[in-house]
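Heads up: the sequence lines are chains H and Z, in that order.
Anchor point for the first sequence: position 42 equals 42 in this note's numbering, and the numbering is continuous, going up by one each time.
Anchor point for the second sequence: position 50 equals 1050 in this note's numbering, and the numbering is continuous, going up by one each time.
By construction, the Cβ of each residue, glycine as well, lies at the ideal position given by its N, Cα and C atoms.
The structure under discussion appears below in the form of structure tokens.
There are 2 protein chains.
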Amino acid sequence: MNISDVAKATGLPAKTIRYYEDIGLIYPTRGDNGYRVFADTDVHKLAFLGRARALGFSIEDCRTLLALYEDDSRASADVKAVAEEHLSQIGDKIAQLEAMRDTLRTLVQSCAGDARPDCPILKDLARG
Amino acid sequence: MNISDVAKATGLPAKTIRYYEDIGLIYPTRGDNGYRVFADTDVHKLAFLGRARALGFSIEDCRTLLALYEDDSRASADVKAVAEEHLSQIGDKIAQLEAMRDTLRTLVQSCAGDARPDCPILKDLARG
DNA sequence: ATAAGGGTTCCAGTCACTGGAAGGTCAAGG
DNA sequence: CCTTGACCTTCCAGTGACTGGAACCCTTAT
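What follows is the structure, given as structure tokens:
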């Protein structure tokens, strides 16, 4: 399989697949013409990475998860720990964004949004 | 005022203040020794920027907001438009994170988290 | 022979800083 | 006058995870 076939199969851009090889997440072989040749295991790994990234795991987390996935003697506790840590960080980020949203929503609601210069949003930013 | 005084006054790191000058958000003057000299207006602007950034506005949004702030003939509608657009993007990001959180939470709950290798999290990632 | 549509590498840019090196300036103390 | 320490300066590189683009090679069909 060439790179564009793999891109179609996994939904990942070819650029991203090359990048994942660069940083050592996958190791496709090479054909005589220098083209990357992807085995089923590579495609499988890339699909795994795509789903892990879609869940917001960092590349380093993905590396860890992939290593755990390939380690038959792993402890599920190790996987769970990575996921729980990520879950907690997602929670933190949501809380932060919600705080911003609440403040912003209040400000937006209080702004007339007309042709006059008077604006509570700017007033708030000018001295919180 | 020298840069470290301004840093204390605004809560922004000196590095960030220099960066804001680099990208043309502020224009402190210079003393004979080459040191930046900050006027009250500069400090005021930096505090404005700090609060806008804390609400998640991009630097480009901040530039726009600052320009509007300094334009006495602005229309509050223009400010409101920037804020509403940002508010909507925050909403999108929250929704995305909440989707991740829901999926992840379910996966984490279903994982025993013990010494055995069997793991529903990896199973899910391996073929979603 | 050529053109289209693959593939390759490498460099630069994104965003908003942040760290660090190398060096100039200033005020206080000996 | 000299030194020490705390300032300040500029410039370069790195962050995360790609993404765009240039320049060039390979394959297949016409």
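Interface criterion not met: the Cβ of residue 1038(Z) is under 9 Å from no Cβ in chain H. Counting only unbroken stretches of 3 or more residues, no beta strand (DSSP E) element lies wholly within the stretch 40-122 of chain H. Residue 47(H) and residue 1115(Z) do not touch by the CB rule: their CB atoms are close to 28 Å apart, not below 8 Å. Collapsing the DSSP output to three states places residue 127(H) in coil. Counting the other Cβ atoms within 10 Å of the Cβ of residue 1015(Z) gives fewer than 16, which makes it exposed. For the pair residue 34(H) and residue 105(H), the Cα-to-Cα distance works out to about 55 Å. In this structure, residue 126(H) lies near residue 1044(Z), with their beta-carbon atoms less than 9 Å apart.
Across the structure, residue 117(H) and residue 1094(Z) are spaced so that their CA atoms are roughly 31 Å apart. CA-to-CA, the gap between residue 109(H) and residue 1025(Z) works out to about 28 Å. The C-alpha of residue 123(H) lies about 32 Å from the C-alpha of residue 90(H). Apart from sequence neighbours up to five positions away, no residue of its chain approaches residue 1008(Z) with a beta-carbon distance below 6 Å.
Contacts between residue 1(H) and chain Z, judged by CB atoms closer than 8 Å, are missing: the closest CB pair is about 18 Å apart. Nothing from the stretch 1020-1032 of chain Z brings a Cβ to less than 9 Å from some Cβ of chain H. Cβ neighbours of residue 61(H) within its own chain (closer than 8 Å, five residues either side excluded): 52, 82 and 86. Among the bridge pairs identified by DSSP, residue 29(H) is matched with 37(H). Secondary structure at residue 1023(Z): coil, using DSSP grouped into helix, strand and coil.
Sequence-ordered contacts of the stretch 1103-1121 of chain Z with chain H read 1103, 1104, 1105, 1107, 1108, 1111, 1112, 1113, 1114, 1115, 1116, 1117, 1118, 1119 and 1121 [C-beta pairs closer than 8 Å]. With the criterion set as a beta carbon lying under 7 Å from some beta carbon of chain Z, the members of the stretch 63-79 of chain H are 65, 68, 69, 72, 73, 74, 75, 76, 77 and 79, in sequence order.
Identification of chain Z residues near residue 84(H) by a Cβ-Cβ cut-off of 8 Å yields 1108, ordered along the chain. Listed by position along chain H, the residues whose Cβ is nearer than 7 Å to that of residue 1056(Z) are 100.
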